Amino acid sequence: MDDEDALDLGCQVLPWISNQVILIGQQTRNKVYGTLGCELFVLSQQVASISETAIARQKLLKIFELVDKACLRSRNEADRFRALKRIRTYKDSTSKIRQTVIKETQESLAHFVLQNPEYHTLLRLIPDCLTMDTTEPLHTEQGYQDEGEVGYPGHLNETLYTQLQTYATCCCRTGHLEWARLRLSTDNQNGDEDVSFELVFRANSFPPAHSQPFVQWKESNVMVPRRTGIQKRKKVGFATPPLESLSPKQNRPRVAQRMRRLALGEFCKLIDNQLEIPVHFYIQSNVLQVVESPNPNPCRGIFPCEGLSLGQWLEKIPHISNKGKSHLAYTIAKSVWQYYNSPWMMTPWTHESIQLLTEGTGLTGQGKPHPYLTTKLARVIVKSKDFYHASDLMHQYPHILALGILLIEIAVGRPLTSEECPHPLSETMINHYYTWAWTTAHESNLKDTVHSLYEEAVSNCLNPELFSAYPIQKYGETDEIRARQNALYEKIVVPLKRLSDAYRDDWDIQSLPTTNTTETISHRDISKQTITASESPPQTDFTVAIFCALPLEVDAVSVLFDDLCQDSTQNAPGDSNTYTLGRMGRRHAVLVHLPGMGKSVASQAASSIRSTYPNIKLALVVGICGGVPYKNGHEEIILGDIVVSDGIVQHDFGRRVPGAFLRKTSVTEELGRPNVAIRGFLSKIKTTMARKRIGSNVEKYLNVINQGLGNARYPGIKQDELFQSTYRHKHHDPVACTSCAHSADGTVCDEVFDLSCHQLKCHKDNLVQRKRLQTALIQGHTPSPAIHLGLIASGDTVMKSGQDRDLIAMQDNVIAFEMEGVGVWDSLPCLVVKGVCDYADSHKNKIWQPYAAATGAACMKALLDEWMH
Numbered sequence: 001m002d003d004e005d006a007l008d009l010g011c012q013v014l015p016w017i018s019n020q021v022i023l024i025g026q027q028t029r030n031k032v033y034g035t036l037g038c039e040l041f042v043l044s045q046q047v048a049s050i051s052e053t054a055i056a057r058q059k060l061l062k063i064f065e066l067v068d069k070a071c072l073r074s075r076n077e078a079d080r081f082r083a084l085k086r087i088r089t090y091k092d093s094t095s096k097i098r099q100t101v102i103k104e105t106q107e108s109l110a111h112f113v114l115q116n117p118e119y120h121t122l123l124r125l126i127p128d129c130l131t132m133d134t135t136e137p138l139h140t141e142q143g144y145q146d147e148g149e150v151g152y153p154g155h156l157n158e159t160l161y162t163q164l165q166t167y168a169t170c171c172c173r174t175g176h177l178e179w180a181r182l183r184l185s186t187d188n189q190n191g192d193e194d195v196s197f198e199l200v201f202r203a204n205s206f207p208p209a210h211s212q213p214f215v216q217w218k219e220s221n222v223m224v225p226r227r228t229g230i231q232k233r234k235k236v237g238f239a240t241p242p243l244e245s246l247s248p249k250q251n252r253p254r255v256a257q258r259m260r261r262l263a264l265g266e267f268c269k270l271i272d273n274q275l276e277i278p279v280h281f282y283i284q285s286n287v288l289q290v291v292e293s294p295n296p297n298p299c300r301g302i303f304p305c306e307g308l309s310l311g312q313w314l315e316k317i318p319h320i321s322n323k324g325k326s327h328l329a330y331t332i333a334k335s336v337w338q339y340y341n342s343p344w345m346m347t348p349w350t351h352e353s354i355q356l357l358t359e360g361t362g363l364t365g366q367g368k369p370h371p372y373l374t375t376k377l378a379r380v381i382v383k384s385k386d387f388y389h390a391s392d393l394m395h396q397y398p399h400i401l402a403l404g405i406l407l408i409e410i411a412v413g414r415p416l417t418s419e420e421c422p423h424p425l426s427e428t429m430i431n432h433y434y435t436w437a438w439t440t441a442h443e444s445n446l447k448d449t450v451h452s453l454y455e456e457a458v459s460n461c462l463n464p465e466l467f468s469a470y471p472i473q474k475y476g477e478t479d480e481i482r483a484r485q486n487a488l489y490e491k492i493v494v495p496l497k498r499l500s501d502a503y504r505d506d507w508d509i510q511s512l513p514t515t516n517t518t519e520t521i522s523h524r525d526i527s528k529q530t531i532t533a534s535e536s537p538p539q540t541d542f543t544v545a546i547f548c549a550l551p552l553e554v555d556a557v558s559v560l561f562d563d564l565c566q567d568s569t570q571n572a573p574g575d576s577n578t579y580t581l582g583r584m585g586r587r588h589a590v591l592v593h594l595p596g597m598g599k600s601v602a603s604q605a606a607s608s609i610r611s612t613y614p615n616i617k618l619a620l621v622v623g624i625c626g627g628v629p630y631k632n633g634h635e636e637i638i639l640g641d642i643v644v645s646d647g648i649v650q651h652d653f654g655r656r657v658p659g660a661f662l663r664k665t666s667v668t669e670e671l672g673r674p675n676v677a678i679r680g681f682l683s684k685i686k687t688t689m690a691r692k693r694i695g696s697n698v699e700k701y702l703n704v705i706n707q708g709l710g711n712a713r714y715p716g717i718k719q720d721e722l723f724q725s726t727y728r729h730k731h732h733d734p735v736a737c738t739s740c741a742h743s744a745d746g747t748v749c750d751e752v753f754d755l756s757c758h759q760l761k762c763h764k765d766n767l768v769q770r771k772r773l774q775t776a777l778i779q780g781h782t783p784s785p786a787i788h789l790g791l792i793a794s795g796d797t798v799m800k801s802g803q804d805r806d807l808i809a810m811q812d813n814v815i816a817f818e819m820e821g822v823g824v825w826d827s828l829p830c831l832v833v834k835g836v837c838d839y840a841d842s843h844k845n846k847i848w849q850p851y852a853a854a855t856g857a858a859c860m861k862a863l864l865d866e867w868m869h
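Given below as structure tokens:
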């Protein structure tokens, strides 16, 4: 095997090996494995750029030889890279050999780390290789020029993305990299040796009692050199990069800055510390460095509140002047050009991708909203699909069409809704989106309503022949992308730039005179706001009722209201319910605060609500429940999954006779079937496309809940424990409790229900293995909550018995147990939507309740998006 093949082999297997080392660390709780795993992963992201020079290639080959030795204890020296070739062959295989390879590789890695002295050599070689200086330039792309404006090499976008997601990976509760925001800007950096990128991360801070929702942002600035390795630094740890002011209009001289490499776990501390001072980074020799600035730049003063997506913002702003429209459109269009075909644009940008954060101006008066790109810095970079090849498409460039749609939405002041285009912009849906865009642009007469230059930019976005001068087969891929970017800049960005330059104000977003008490985002002090309550609509406008029994269920649902309404209406006589009123999407909803758990309080609330709100067409019982581990005997239900009812079984309805309880078997018939509208709706959400949409929206709304509450994150795979149904939660130590140890009928003492499995020493040998969890653990990802439709058992009895759970599940084919659905079912058209927080056995605890409440609430809103009645 020659050196080039060896380098290619190392690139292919290094991420997999890194994942195996990290898994060993998780299983053994030994930090040395985590150190090696992180170093190998960092290296795997940098191999392509490091290997451009001969000296670096030699160091990489030495590292790969040591990694090969670490992965196979029984070696034949003549067979170079035997272990790595074996891993490449079987790492993605579905055969049984793959499991053998995983087991043997992990055993060999564990032996190498703990007993082989070459482990320390490997740890020394990796950072040496990463921090090498070189005089060979790695990239030679040319910038774009138009009207004196200079772009920059496209590799900077990938360098920025890779460095952040590699060096700044964190696993803290805040999840900083899951809430990264990249500031979209029109600022010029003509001729600068280093290019500045501005990002904000969500900081781990707690809101004051009066402020909801409250999100604190940490501002950061990352400087990336235009050309890697263009000059040597004078001394390790010191450099002279230009740290520009956060206000690009101010020019600052170069000053010497002290830099140091980011330490493991330090990223979280930097983000959460001194929020009023931005943190500065510099990428030097493919390493993310922390710049210790003696003169920190001032913050932009981003208001401590989660911003609105562009779609939500357009719905809320009463009026945007043509000045504001042109500047917003130019900012987004130039950013699309800037980040075209990079990891920041893995999918086309939509009004959900762009978020408006409100920045303080530093002057008296109100802050101004500014667009940021919302992104999760994914560990695996999926190559952007710039071109669709099907010959029957009206438009073949998804990113350009998506830009055109954004410009049209800004011009008309409303977002493209899911009813108009219900599926994501994909190759099969692009004609549907194109039809909407063309029709809306034609009907809106953009030339007269905004400006002829604006119409020109939109028209070019919708022109399927925009890149006709650059046919697909004419150039190599890199030249082809560059040619498209040139056309994008000339035909779309430049007209918007000319229009934007004609206006003096930056935004000029105005409110029309109105008696509506709802304030616009640009005229509020968000740092002091709660959710603004608008005037309540008529009682007849409320068509959805949401029933919650527990405060944590109410919290999760409340975050998802798009608007809250003033509850100034008196309840009808006889209605003692307590309500929260608001809007979710297109519907006005009533949140019913149940005074307790169980079917009786739910029944009383359901029977009273229509006297005050007579047009309720759908009742949703939302919250947490106990799940049956196996649906229909084979499909797994794990903690955090969601159950949706297509029927209710009252499991505690029957007769108590001496020595036994006889359940009534025909309970489903007595409770009745869902009405026609709900049965049709259930048929719809069982379809493949509807389930995909709902699953995607559940993830989106889970993020919203996490942003608002901060305590609804996935607890971890290790916390999901299913014990055998016959294995009791009791004192297993005879010395600790004699009644538990010597009970002949299996009864336990009262104390056990207040103690955890760890305190009672419940044996892990009695755990049931879950395939979904094992797969997620091996692949290194968090399981997504699955949605299960089926019969749900409801009653006043709390189910805490694995054997009784399985017996009822077998008799009635139920998938979960809860306590309020049966009380609402007879009075209103009803669905039960609940997150699974335990397995309805004696080992149940409260660890999963916040996350399960969040998944249930997220699914509830995703279902409302699909409800058409």
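Numbered continuously in UniProt numbering, the sequence shown closes out at residue 869. Every residue gets a Cβ at the ideal spot worked out from N, C-alpha and C, and that includes glycine. Just so we're clear, the structure is a prediction, and the values are computed from it rather than from any experiment.
When the Cα atoms are used, GLU751 and GLN803 turn out to be separated by approximately 21 Å. By the Cβ criterion, the segment 851-868 is in contact with the segment 695-715, since at least three pairs of Cβ atoms, one from each stretch, lie closer than 8 Å. Per the C-alpha coordinates, the member of HIS588, SER603, ALA589 positioned closest to PRO595 is SER603. If you look at GLY582, you'll find it in the beta strand (DSSP E) that goes 579-584. In the DSSP assignment, MET223 falls within the beta strand (DSSP E) that extends over 217-225. Per DSSP, the unbroken beta strand (DSSP E) holding CYS565 starts and ends at 563-565. Of the residues TYR839, LEU760, TRP825, TYR503, the one whose Cα lies closest to the Cα of ASP720 is TYR839. Annotated three-state conformation of ILE648 is strand, per DSSP. Judged by DSSP secondary structure, CYS11 falls within the alpha helix (DSSP H) whose first and last residues are 3-28. Ranked by Cα distance from LEU488, the first of TYR503, ILE400, ASP562, LYS59 is ILE400.
Distances from the CA of GLN45 to each of GLU158, THR28, VAL101, ALA70 were compared; the closest alpha carbon is that of GLU158. Fewer than three Cβ pairs drawn from the segment 760-779 and the segment 607-620 lie within less than 8 Å of each other, which leaves the two stretches out of contact.
A distance below 7 Å separates the beta carbons of ALA857 and LEU560. Within the model, the alpha-carbon separation for GLN12 versus ARG498 is close to 47 Å.
Looking at ALA56, VAL21, VAL544, the one whose alpha-carbon comes closest to that of VAL113 is VAL21. Between HIS843 and HIS729 the beta-carbon gap is near 5 Å, inside 8 Å, which marks them as a contact. A direct Cα-to-Cα measurement between GLU490 and PHE467 gives close to 11 Å. A residue is called buried when at least 16 other Cβ atoms come within 10 angstroms of its Cβ; MET799 meets this threshold and is buried. The straight-line gap separating the alpha-carbon atoms of LEU831 and VAL200 is approximately 40 Å. Between the alpha carbons of HIS732 and LYS718 lies a distance of about 22 Å. Taking C-alpha positions only, ASN675 is separated from PRO829 by approximately 7 Å. Beta-bridge partners of ILE50 (DSSP): none assigned.
According to DSSP, HIS588 shares a beta bridge with PHE542, ARG583. A distance below 7 Å between beta-carbons, with the five flanking residues on each side excluded, links ASN322 to the following residues of its chain, in chain order: VAL450, HIS451.
The straight-line gap separating the alpha-carbon atoms of ALA619 and ALA589 is approximately 10 Å.
Every beta strand (DSSP E) stretch that sits fully inside the segment 781-815 and reaches 3 residues is listed by chain position as 787-794. The Cβ atoms of TYR851 and ALA712 sit closer than 7 Å to each other. Contact check for GLU359 against HIS370 passes: the beta carbons are separated by less than 7 Å. Counting C-beta pairs closer than 8 Å gives fewer than three between the segment 384-398 and the segment 319-333, which falls short of the contact rule. Taking a contact as a CB-CB distance under 8 Å, the pair PRO785 and ILE642 counts as one, their CB atoms being some 6 Å apart.
With contacts defined by Cβ atoms closer than 7 Å, GLY647 and LEU791 form a contacting pair. Only residues of its own chain outside the window of five on either side were considered, and among them VAL628, VAL649, HIS651, GLY790, LEU791, ILE792, ALA793, ILE808 have a CB closer than 8 Å to the CB of VAL814, listed in chain order. Residue pairing from DSSP places CYS548 in a beta bridge opposite HIS593.
Here THR375 has ALA180, LEU182, TRP344 as same chain residues with Cβ atoms under 7 Å from its own Cβ, once five neighbours each way along the sequence are excluded. For the 7 Å CB-CB criterion, VAL291 and THR166 do not form a contact. Shortest Cα-Cα distance from ARG693 to any of THR580, GLU866, PHE547 involves GLU866.
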